[in-house]
Amino acid sequence: MLLIASANGDVGMDAAWEILAAGGSALDAVEAATRLVEDNPADHTVGYGGYPNLLGEVELDASIMDGDTRRAGAVAALRGYRAAITVARKVMEELPHVLLAGEGAARFAAELGLQRENLLTPEAEAVYRDGLAGRLPKMFRDSRGSVVDAMLRRAAAITADPERAAGTVNVIAQDAAGRIASAVSTSGWAWKYPGRVGDSPIIGAGNYADSRYGAAACTGWGELALRGATARTVVLLLSRGVALEDACRVAFSDLFDLETNSARVIMSMVALDANGGFCALSTAPDREYVYRRAGMRAYERAPRLVVTG
Ligand code: ASP
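Right, here's the structure in full:
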């Protein structure tokens, strides 16, 4: 058994481990852990309390993959429902689809009986109205601090800085039966253009799992992971016999090929292989992750390997 997550997944580690220890499935474990992160209002990068888009609306992206069947479900730009990962799982289980976006995703969440609510907490709203963490000149905003409609395009270019206002939760588990599942959930890049969809709900970009080989999940500059098909790259390399850390490094080096300014390549990844190996990397020097495997009494926090090019 193995559980690995981005550092902000710590609030879900115990609940997920309990499921795994009781013989539960990797899929249940990653969903349960992710739900707790989505419920955490102090986390402004995921679910309830997430930072909003340029219009002040919280839009969630999430995906889940069952590595046993390689079935997957996802939602993009979901508004008004915090449990994005559960909606994603239900897309996988109840619909003949993989990805629902926007209005359709919200309609489906309502049909599931989930409670509609305002996901923008006063704390997150204050940061938004305060000029997007000080980045947006006054001319872009009206007297209430909202971004003026006609300025959205230019505002998106100015606020584009995933390092300052982004984050995501990644959770990957391998259960006692060897099944691997992965979950990714995010409120995306804060101050994004309305309707912007990142890598998190895109199977192959921000999330991929295959019980035969392993799984990988990303946080960081989603546009890069989208262009690099990053999570799938790692698992495909594993299937060709490449060692886990080497596979991750190849995927990262692909990203550095996509962006000539290496300082702009902001990416973190957690990954595991089917044989119990795991690794976590980041282009940033101070990033951590959390993990727990059989025999450990509690989860542990550890620094990620740093990749600089
Ligand atoms: N990857 C996420 C996105 O681009 C954000 C992040 O992980 O920082 O939406």
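Residue numbers for the sequence shown follow my numbering, so the first one is 16 and each next one is one higher. From the three backbone atoms N, C-alpha and C, an ideal C-beta is built for every residue, glycine too. A quick note: this is a predicted structure, and the numbers were derived from the prediction, not measured.
Residue-chain proximity (residue i, chain C), Cβ-Cβ < 9 angstroms
| i | result |
| --- | --- |
| Leu75 | In the structure shown, chain C cannot be found, because there is only a single protein chain. |
Collapsed DSSP secondary structure at residue i in the structure displayed
| i | result |
| --- | --- |
| Lys319 | In the sequence on display, residue 319 carries Arg and not Lys. If DSSP states are grouped into helix, strand and coil, Arg319 belongs with coil. |
| Asn68 | coil |
| Arg168 | helix |
| Ala92 | strand |
| Asp341 | Outside the displayed span of the chain (16 to 324) sits residue 341, for which this structure offers no information. |
| Tyr63 | coil |
| Ala43 | First, the residue type needs correcting, since residue 43 is Asp and not Ala in the sequence shown. Of the three classes helix, strand and coil, the one that applies to Asp43 here is helix, per DSSP. |
Heavy atom of ligand 1 within 8 angstroms of residue i beta-carbon
| i | result |
| --- | --- |
| Glu238 | yes |
| Gly235 | yes |
| Trp204 | yes |
| Gly221 | yes |
| Gly182 | yes |
| Ser161 | no |
| Thr136 | no |
| Ser215 | yes |
| Asp288 | no |
| Thr60 | yes |
| Asp301 | no |
Same chain, Cβ closer than 7 angstroms to residue i, neighbours up to 5 away in sequence not counted
| i | result |
| --- | --- |
| Arg86 | Met107 |
| Ala198 | Val45, Glu46, Thr49, Ile79, Ile100 and Val186 |
Residue i versus residue j - alpha carbon distance
| i | j | result |
| --- | --- | --- |
| Leu35 | Ala47 | 11 angstroms |
| Asp145 | Leu259 | 43 angstroms |
| Pro300 | Ala196 | 28 angstroms |
| Tyr314 | Ser158 | 47 angstroms |
| Phe293 | Ala286 | 6 angstroms |
| Arg194 | Asp81 | 8 angstroms |
| Arg168 | Leu127 | 35 angstroms |
| Lys207 | Pro67 | 8 angstroms |
Residue i Cβ short of 8 angstroms to ligand 3 heavy atom set
| i | result |
| --- | --- |
| Gly65 | No copy of ligand 3 appears in this structure; the ligands present are ligand 1. |
8 angstroms CB neighbourhood of residue i in its chain, flanking five on each side removed
| i | result |
| --- | --- |
| Gly291 | Leu17, Gln189 and Arg308 |
Same chain, Cβ closer than 6 angstroms to residue i, neighbours up to 5 away in sequence not counted
| i | result |
| --- | --- |
| Ala31 | Leu18, Ala44, Ala47 and Ala48 |
Taking the runs of the beta strand (DSSP E) that are 3 residues or longer, which of them lie wholly in the region 210–290?
Taking only runs of at least 3 residues, the beta strand (DSSP E) segments lying wholly in the region 210–290 are 222–225, 229–235 and 282–288.
Subject >> Every unbroken beta strand (DSSP E) inside the region 78–130 [3 residues or more] >> reply: Counting only runs of 3 or more, we get 86–93 and 114–116.
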